[in-house]
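Residue numbers (the numbering used here): 825 to 975. Yeah, the Cβ is synthetic: ideal placement off N, Cα and C, and Gly gets one too. In what follows, a structure is listed as structure tokens, so that the remarks can point back to it.
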Amino acid sequence: MNATVNKPNGLPRSIRLIKSAEFGAVLSANKTKLIRSYSDFFTISALKTDQIGLVRFGFTVGKQNAHLSVERALVKRLLREKARTSRQTLIHVLSDRQYGLDINCRLKRRLPDCSQKDLSKKARKILIRNDIEKLFGYFLFKVSVSSRESK
Numbered sequence: 825m826n827a828t829v830n831k832p833n834g835l836p837r838s839i840r841l842i843k844s845a846e847f848g849a850v851l852s853a854n855k856t857k858l859i860r861s862y863s864d865f866f867t868i869s870a871l872k873t874d875q876i877g878l879v880r881f882g883f884t885v886g887k888q889n890a891h892l893s894v895e896r897a898l899v900k901r902l903l904r905e906k907a908r909t910s911r912q913t914l915i916h917v918l919s920d921r922q923y924g925l926d927i928n929c930r931l932k933r934r935l936p937d938c939s940q941k942d943l944s945k946k947a948r949k950i951l952i953r954n955d956i957e958k959l960f961g962y963f964l965f966k967v968s969v970s971s972r973e974s975k
């Protein structure tokens, strides 16, 4: 029963941050080795690593900002989806650079309640997805700019 299923569009374990020490390394890194990007609800911290061209993702969604497990699962699923689709672009940007990235995507603010401002669940999902799009767009821009500067 220990067979691994090959998911062509998944995020395999080898490209994820799994251990607490890996997350800690990203969060406590020196500012010169970090690339940070922010949006309304999320923040990305990316640590430049010695593993050339390797891009790994980790996701942090705490109970303080998303109280219900379904909310945390939704946020992680949307972040994973965007990370999976952006990964090849990041690898392409880093292709001739001498470093890789360990990226931590973190929910930094409490999600709006569905009862607030007559916000439906569908509208909230669209709000979260648009915020993630904005976050990754800005992050890709910062990575490409920092990559050009480090040449």
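task = Please go through the same chain and pick out, in chain order, the residues whose beta-carbon is closer than 7 angstroms to the beta-carbon of Arg911, but skip the five residues on each side of it.
result = Val879, listed in sequence order.
key: Ile859 versus Ile952: straight-line alpha-carbon distance, rounded   = Taking the CA atoms as reference points, Ile859 sits about 22 angstroms from Ile952.
task = Go ahead and pull the three-state DSSP assignment for Val879.
result = DSSP, read as helix, strand or coil, puts Val879 in strand.
query = Are the segment 916–936 and the segment 864–879 touching by the rule of at least three beta carbon pairs closer than 8 angstroms?
reply = Contact between the segment 916–936 and the segment 864–879 is present, because at least three Cβ pairs lie under 8 angstroms.
message = Do Ala897 and Arg934 have their beta-carbon atoms positioned less than 9 angstroms apart in this structure?
response = No, the pair does not count as a contact, with Cβ atoms beyond the cut-off.
task = Take Ala853 and list the residues in its own chain whose beta-carbon comes closer than 7 angstroms to its own, dropping the five residues that flank it on each side.
result = Hits under 7 angstroms: Leu871.
key: Contact set for Asp864: own chain, Cβ-Cβ below 6 angstroms, skip 5 residues either direction   = The residues are Asp955.
ask   = Cβ atoms of Arg930 and Phe960: under 9 angstroms apart, would you say?
value = For Phe960 and Arg930, no; Cβs fall outside 9 angstroms.
query = Quick one, which of Lys900, Ile876, Val894 and Gly877 has its alpha-carbon nearest Val885's?
reply = Comparing alpha-carbon positions, the option among Lys900, Ile876, Val894 and Gly877 lying closest to Val885 turns out to be Lys900.
task = Taking 9 angstroms as the cut-off, decide whether the C-beta atoms of Lys902 and Lys949 are in contact.
result = What sits at residue 902 in the sequence shown is Leu, not Lys. A contact, by the Cβ cut-off of 9 angstroms.
task = Tell me, to the nearest whole angstrom, how far the beta carbon of Ser777 is from that of Lys966; I am working on the premise that it is less than 8 angstroms.
result = Nothing about residue 777 can be read from this structure; the chain reaches only from 825 to 975.
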